[in-house]
Each structure stands twice: as structure tokens, then as C-alpha cells.
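Here the sequence shown is numbered in the working numbering, starting from 327 and rising by one per residue. Taking it in order: structure first as C-alpha cells, then the write-up.
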Amino acid sequence: MTIKTILITGSNGFIGSGLVSHFNSNPNYHVIGISKGINRVSELNDSQYIDTDITQNKQVREVFSRIKPDVVIHCAAISQVDICESNPKLCNDVNVEATELIALECEKLNTRLIFLSSDFVFDGTLQFIHDETVPNPISVYGKSKRESELNIELNLKDWAIVRPVLVYGFSSASSRTNIFSWVYNSLKEEKTIKVVSDHIRTPTFIDDVVLLIDQLVKSNGTGYFNIGGSTVISVFRFAQKVAELSALNSSFVIEGNSNDIKGAHLRPVNTCFKNERIYAEFSMKPLNFSEGIKKALLQING
């Protein structure tokens with residue numbers, strides 16, 4: 327089997343570092359990671375990492391010219407909703423302009439592009455989101471992701487877009503928290519946290535996202551691939567379950583309402599995915615929230 331070169335952007339991030347760990351353990355792949363700043367992923371040696379600011383066109387072009395990847399998995403983004411609202415130019419530079427350049431470089435080299443989008447391209451008004459549901463983002467962040475989706479769809483031949491919901495788990499490399507690590511670490515430190523009960527999700531365990539992307543690297547499937555966990559649950563109940571399964575004090579988890587939390591209106595109220603396409607094409611059944619939290623606890627406790 328010919329060894330494929332996979333370029334992972336945002337390799338220091340939560341999903342990016344998970345992808346690095348997964349693909350780097352397979353001898354059929356040569357993995358290169360790029361992020362801004364020093365490498366934080368222990369699985370990458372010095373020759374496999376390039377400090378890259380994706381908003382700098384020259385740097386991006388030099389990476390593509392040097393690496394000539396067979397597959398690009400584009401994870402790098404400004405994903406903090408409030409930061410995108412307060413600094414829309416930064417959001418546009420990173421999430422839209424940089425993605426457009428990466429897409430153009432992929433098309434030039436006939437490279438397959440797998441793009442990490444978001445459930446925030448939807449407005450949250452439907453009980454369940456299907457693969458054919460039309461996006462309608464309500465935030466600067468969601469709009470930036472949707473603009474990039476459309477650009478990729480219009481300009482590339484070989485592409486796949488993954489939309490996950492509330493991805494959680496453990497990463498030793500990423501400095502960013504996710505819903506699981508935020509709740510777990512807060513409770514360990516006996517900090518009170520307020521969590522909304524009127525936002526409903528199908529939380530997705532990180533390993534299921536990685537597994538889907540593995541399937542997309544191996545296949546030539548084109549289009550949009552929604553992925554959510556197998557359980558419909560409020561964010562508040564999810565936090566309570568983290569406390570319960572980790573034997574921590576759930577009294578520190580305070581029920582909140584989106585009206586009480588600044589910027590909550592920028593998040594869709596309901597993003598619950600049905601997973602029809604990934605089941606039909608890859609027989610994928612993502613974990614339910616109890617299974618995922620138990621695995622995350624095993625990861626975080628070594």
C-alpha cells in the first residue's frame with residue numbers, strides 16, 4: 327500500500343491532536359501537523375511539525391509546496407463564539423480567508439480536503455437535524471463556517487465536510503477545554519459552575535469523530551457528514567452525568583437558563599443529529615453519552 331501523506335491543520339487543538347495520535351500510529355500514513363507556536367503533541371517529532379500561521383498566505387503556500395499532501399484535514403479555526411462576535415475580522419481571516427487559501431492549494435495539487443465544520447451552521451429551531459437540513463447560522467462563528475463550506479463545495483472536486491456536535495473527551499496536548507474537561511476539572515477543584523438546561527445536544531465523543539474522519543480518508547465520499555452521539559440530552563444533564571460517573575460532587579453543578587448567560591443566544595438551542603448518512607455508508611453508531619464519558623474518564627486518568 328502506498329503511504330499517504332496527511333497534513334493536519336490545528337494539530338495542537340483538541341480534535342487535531344486526536345487525529346495526529348490516531349493516524350501517526352498507522353504505518354500507512356505519514357503525518358505532518360501545523361499549528362501556530364510550538365508543537366504540543368508528543369507523537370510528532372521535529373520533522374513532522376511546522377509552526378504555521380494560516381493567515382499568512384506565504385507560509386501556507388510554502389507548506390503545501392514542501393509537503394505536497396495527499397489529504398488535508400483542516401481543523402484550525404477560531405471556534406470560540408464570543409471571540410468571533412467581538413472580533414469578526416479575526417474570525418473571517420482565520421475561518422474564511424485561510425480556509426479558502428487552503429482549499430485553493432488543495433485543488434492545485436489534486437489533494438483531498440476534509441474540513442471540520444460545526445453544528446453551529448444550524449439555527450437550532452428543529453427537533454432533529456438531518457443530513458439534508460438547510461443551514462441557517464445565527465452567529466458570526468456559524469456564518470464563517472457556512473461560508474467556508476460553500477466555498478469548498480463550489481471550488482473543489484475532492485472534498486468532505488464533517489459537522490460534529492459538542493465534541494468531548496480528553497487531550498493532553500490541547501490547551502483548550504471542552505465540555506467534559508471543563509466540568510471534570512471544575513468539580514475536582516470544587517468550583518461552582520452554571521450550565522444551561524435549555525440547550526439540547528447529541529454530544530459526540532472525540533474518538534467517534536476521529537473514526538469518521540478515518541473512514542473519509544480511506545474513501546472518496548464527497549459532501550456533508552453530520553455526526554452526533556447516540557443520546558439526546560441537555561448540556562446541564564450532561565454535566566450532572568460527568569459528576570455522577572466520576573464520583574464528584576454534583577451540587578457544584580447549578581442549573582442555568584440561556585437567558586441568564588451572556589452570549590447564549592448566539593448558540594443554537596437544539597442541535598441533535600440523526601446520523602443517517604454515516605450509518606448508511608459506514609455503519610457508524612456513535613457512542614451514547616454514558617459510554618463516551620466512561621471512556622473519557624479512562625483517558626483523563628491515564
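The C-beta atom is built at its ideal place from N, Cα and C for all residues, glycine as well. Computed from a predicted structure; not experimentally measured.
Contact under 8 Å by Cβ, residue i with residue j
i, j, result
"THR528", "PHE599", "yes"
"LEU613", "GLY554", "no"
"ASP419", "VAL491", "no"
"THR530", "VAL558", "no"
"TYR467", "CYS410", "yes"
"VAL398", "LEU333", "yes"
"TYR550", "ASP457", "yes"
"LEU427", "ASN383", "yes"
"VAL536", "LEU345", "yes"
"TYR510", "ILE626", "yes"
Neighbour-count burial assignment, residue i, 16 or more Cβ in a 10 Å radius
i, result
"LYS620", "exposed"
"PRO353", "exposed"
"THR437", "buried"
"ASP586", "exposed"
"ALA573", "exposed"
"LYS544", "exposed"
"SER351", "exposed"
"LYS514", "exposed"
"LYS289", "Outside the displayed span of the chain (327 to 628) sits residue 289, for which this structure offers no information."
Contact set for residue i: own chain, Cβ-Cβ below 6 Å, skip 5 residues either direction
i, result
"SER347", "GLU369"
"ILE464", "ASP449"
"SER507", "none"
"ALA565", "VAL509, VAL521, VAL579"
"PRO414", "VAL466"
For residue j and residue i, the rounded distance between their alpha carbons
i, j, result
"SER523", "ARG563", "7 Å"
"THR335", "ASP377", "10 Å"
"ILE541", "ALA606", "Checking the sequence, you will find Gln at residue 541 rather than Ile. Cα-Cα distance, rounded: 13 Å."
"ARG366", "ASN338", "6 Å"
"ASN601", "VAL488", "11 Å"
"ILE364", "GLN453", "42 Å"
"ILE519", "HIS591", "19 Å"
"SER512", "LYS330", "41 Å"
"ILE580", "ILE404", "28 Å"
"THR548", "SER577", "46 Å"
"PHE349", "TYR355", "6 Å"
"ASN371", "ILE393", "15 Å"
"SER560", "SER373", "43 Å"
"LEU439", "ALA429", "7 Å"
"SER470", "ASN575", "38 Å"
"GLY582", "TRP485", "40 Å"
"GLY589", "SER412", "11 Å"
"THR459", "GLY359", "33 Å"
"PRO594", "THR328", "43 Å"
"PRO395", "ASN546", "16 Å"
"LYS362", "GLU388", "15 Å"
"GLU479", "ASP534", "24 Å"
"ALA569", "ASN552", "28 Å"
"LEU538", "HIS525", "25 Å"
Contacting residues, own chain, Cβ-Cβ under 8 Å from residue i (five flanking each side not counted)
i, result
"LEU571", "SER616, ILE619, LYS620, LEU623"
"ALA424", "ILE380, THR381, VAL386, ALA402"
"PHE433", "Rather than Phe, the amino acid found at residue 433 in this sequence is Glu. Counting only Cβ-Cβ distances below 8 Å, and skipping sequence neighbours, we find ASN481, LEU482, LYS483."
"PHE340", "VAL493, GLY495, SER497, SER500, ARG502, ASN504, ILE532"
"GLU516", "ASN575, PHE578"
"HIS400", "THR335, GLY336, THR425, ILE428, LEU439, ILE440, PHE441, LEU442"
Cut-off 7 Å between Cβ atoms - residues of its own chain near residue i, not counting five sequence neighbours on either side
i, result
"THR597", "ASP445, PHE448, GLY450, ILE455, VAL491, ARG527"
"ASN421", "ALA403, ILE404, SER470, LYS471, SER474"
"PHE390", "GLU431, LEU435"
"LYS611", "SER556, TYR605"
"PRO461", "VAL447, PHE448, ARG472"
query: If you scan the segment 423-471 from start to end, which runs of the alpha helix (DSSP H) of 4 or more residues do you find wholly inside it?
result: 424-435
- request: Would you mind listing the alpha helix (DSSP H) stretches within the segment 468-549 that are 4+ residues and don't spill past its ends, in chain order?
  value: Entirely contained in the segment 468-549, the alpha helix (DSSP H) runs reaching 4 residues are, in chain order, 505-514, 532-544.
Ranges of the beta strand (DSSP E) found wholly within the segment 565-603, counting only runs of at least 3: 579-582
query: Of all the alpha helix (DSSP H) runs that stay within the bounds of the segment 356-402, which reach a length of 4 or more residues?
result: 383-393
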